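Visitor: Numbering (our numbering), first residue to last: 107 to 315. Just so it is clear, CB atoms sit at the ideal spot from N, CA and C, and this is done for glycine as well. Being a predicted model, the structure only gives us computed values, none of them experimental.
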């Protein structure tokens, strides 16, 4: 093992301690949060079978959850197994969900609404330690409010922070995305999320100035 590590370190210019970490399957970094991949484009553009169905066909008790909140609290798992306990559908205080509560829940499963392609084989469950989960946006950068396509920006923010099941829940047929965005009242927490999403652009602008 020592010879192998030395050979790898010489040829690949990698430190022996780092190679040992991977060989022993030890972590090479430590974080306070875990990051889940989040493909935002799949929610703004429906194509075939995707994780979009998990949100649009979420259980009725989850109707008040907006996308950003739901994506880091819940995940989909198979009915046949899954290491995570299944949440009791009779749970009323959704905001108080934590690992201790759903660990002691009954086996009555939350169910996707009718129309979900995997409703018969999969169920939504509470993500373990969801308080420490952060959605990791993958794909093109988030649009900024002061430039580019204002229509797409309003659509994106409403998609993330307004509860919906179909596009008609996001805006009325006869109004624009901007009008729907201006009309909707975001909560204090959502406004903070929106502000933080624009921090990168504010830093870039400050650098250029």
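#1: Leaving aside the five residues before and after residue 222 along the sequence, list all residues of the same chain whose C-beta is less than 7 Å from its C-beta, in chain order.
#2: Mind reading off the beta-carbon distance from residue 172 to residue 266? Whole number of angstroms is fine, and I expect it under 8 Å.
#3: So the candidates are 305, 108, 238 and 146; which of them puts its Cα closest to the Cα of residue 129?
#4: Just checking, does the region 229–246 make contact with the region 169–185 on the three C-beta pairs under 8 Å criterion?
#5: Name the two residues that bound the continuous alpha helix (DSSP H) containing residue 284.
#6: Cβ atoms of residue 170 and residue 63: under 8 Å apart, would you say?
#7: So, at 6 Å on beta carbons, what are the nonlocal neighbours of residue 271 in its own chain, with the 5 sequence-adjacent residues on each side left out?
#8: Mind checking which residues open and close the beta strand (DSSP E) that includes residue 182?
#9: I need the DSSP call for residue 258, collapsed to helix, strand or coil.
#10: From residue 257 to residue 298, what does the alpha carbon distance come to, in whole angstroms?
#11: Out of 281, 261 and 301, point me to the one whose CA is closest to residue 146's CA.
#12: Here's the rule: buried if 16 or more other CB atoms are within 10 angstroms of the residue's CB, otherwise exposed. What is residue 259?
#13: Between 182, 174 and 251, which has its C-alpha nearest residue 304's C-alpha?
#14: Taking just the CA atoms, how far does residue 284 sit from residue 217?
#15: Can you check whether the CB of residue 244 is closer than 8 Å to the CB of residue 143?
#16: Measure the CB-CB distance between residue 185 and residue 229 and report whether it falls below 8 Å.
#17: How many Å lie between residue 220 and residue 282 at the Cα?
#18: Output the distance between the C-alpha atoms of residue 278 and residue 139, rounded to the nearest integer angstrom.
#19: Beta-carbon within less than 8 Å of residue 300's beta-carbon, same chain only, minus the 5 sequence neighbours each way: which residues are those?
#20: Out of 302, 280 and 307, which one is the CA nearest neighbour of residue 254?
Guide: The structure says:
#1: Closer than 7 Å at the Cβ level, and outside the excluded window around residue 222, lie 159 and 163.
#2: That belief holds up - the Cβ atoms of residue 172 and residue 266 are roughly 7 Å apart, short of 8 Å.
#3: The option with the nearest alpha carbon to residue 129 is 108.
#4: The region 229–246 makes contact with the region 169–185: 3 or more CB pairs, one atom from each, lie closer than 8 Å.
#5: Its alpha helix (DSSP H) spans residues 283–289.
#6: As displayed, the chain neither begins before 107 nor continues past 315, which places residue 63 out of reach and without an answer.
#7: The residues are 162.
#8: It spans 180–184 - the beta strand (DSSP E) in which residue 182 sits, taken as one unbroken run.
#9: In this structure, residue 258 counts as helix in the three-state DSSP scheme.
#10: Separation of residue 257 and residue 298 (C-alpha to C-alpha, rounded to the nearest whole angstrom) is 21 Å.
#11: By alpha-carbon distance to residue 146, the top candidate from 281, 261 and 301 is 261.
#12: With 16 or more other Cβ atoms from the protein chains shown falling within 10 Å of its own Cβ, residue 259 counts as buried.
#13: Among 182, 174 and 251, the Cα nearest to that of residue 304 is on 251.
#14: Spanning the two alpha carbons is a distance of roughly 34 Å.
#15: Closer than 8 Å, so yes.
#16: Yes; because the gap between Cβ atoms is below 8 Å, this pair is in contact.
#17: The straight-line gap from Cα to Cα measures roughly 30 Å.
#18: Distance between the alpha carbons of residue 278 and residue 139 is about 38 Å.
#19: If we look at residue 300 and ignore the five residues flanking it on each side, its Cβ neighbours are 263, 267 and 292.
#20: Answer by Cα proximity: 307.
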